[in-house]
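Quick note on UniProt numbering: the sequence shown kicks off at 1 and runs consecutively.
Read the structure below first, then the notes.
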Amino acid sequence: MREWADALPSTLPVGMRELFDLEVRYSLVYCLAPSARAPHITDYGRVLIFEHTLAYLDRIYEVAHSGRSVAFYTYHDALRVFFMANQFAAVLRDAEDLLLAGVMIPPPHTEHGKPQPPPLPSRPGGPAGDNLERSLACLERTVQLMAKFGQLWANSASLKQSLELSTSDLFARLQMRQQMRQCSPPQNVSPPMPREMRWVGVDVEAMMRGNTGSSRNVKYEQ
């Protein structure tokens, strides 16, 4: 399956194609994220969230550093980056072994007549891509992105600080994994099953209303 942006008319301006691609990924993750009505998530859903949040964060980083006009982007995009980064960190934290192993998860069975689950997106490097390196790079680039947003919108500085604080343990653990892998020979070991999901809830509606400074907007469960 082609990426959504590639399926659009070739005459569409590049900026509009980027906006469409980002909007679709954001909407998909927003719908897939666990909620009070649907608190459980499948491994397939975890992989979908992982891939789409990572692709979203990488794409908007490239947009922000491309040197092109970003007139269509506002402080609400900084809020969206914050939301997507928290979902990325949450799903990676609670299904770390599964996601970093890059295991191919088949889509769940659906009853006849019901819509099929969305397909997994293509990713750089193909199925053999290194998810550990991708995850570390994404976390680093996202913090840099929030710093750049902080130069445009003052409230983004607090978002950057909050993101660094909430992902510091995850980033340190991934760095340790990277160092251990560099010092150890490769081994063929089946990845452990993911732990029970402990989601990071982000109140997007409250964030959009401008209540970014309150700790009530983000709930981190230990």
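Even for Gly, the Cβ is constructed at its ideal location relative to N, Cα and C.
Check, Outcome
"Check whether L163 and F82 have beta carbons under 8 Å apart", "yes"
"Terminal residues of the alpha helix (DSSP H) in which I60 lies", "43 to 64"
"contact_flag[the segment 163 to 177, the segment 131 to 138] where n(CB pairs < 8 Å) is 3 or more", "yes"
"Contact belief for A85 with L57 at Cβ below 8 Å, rounded distance in angstroms", "6 Å"
"Nearest neighbour of S166, chosen from M104, A90, A33 [CA to CA]", "A90"
"From P115, D43, H40, Q87, residue whose alpha carbon lies closest to that of R25", "Q87"
"Coil, strand or helix - R37 by DSSP", "coil"
"Residue range of the alpha helix (DSSP H) that includes A137", "131 to 152"
"Close Cβ partners of L22 (< 7 Å) along its chain, the five nearest in sequence each way excluded", "Y56, R59, I60"
"Buried or exposed (CB count within 10 angstroms, at least 16 for buried), R37", "exposed"
"Collapsed DSSP secondary structure at E111 in the structure displayed", "coil"
"Spatially closest choice to S27 from P118, A157, E111, by CA coordinates", "P118"
"Neighbour flag for F82 against chain C, beta carbons, 8 Å", "The question asks about chain C, but that chain is absent: this structure has only one protein chain."
"Residue range of the alpha helix (DSSP H) that includes Y75", "75 to 94"
"M146 versus K114: straight-line alpha-carbon distance, rounded", "40 Å"
"Alpha-carbon spacing of E18 relative to T42, whole angstroms", "29 Å"
"Span separating the alpha-carbon of E32 from that of P106", "A quick correction: the sequence has Leu, not Glu, at residue 32. Cα to Cα, the separation comes out at about 16 Å."
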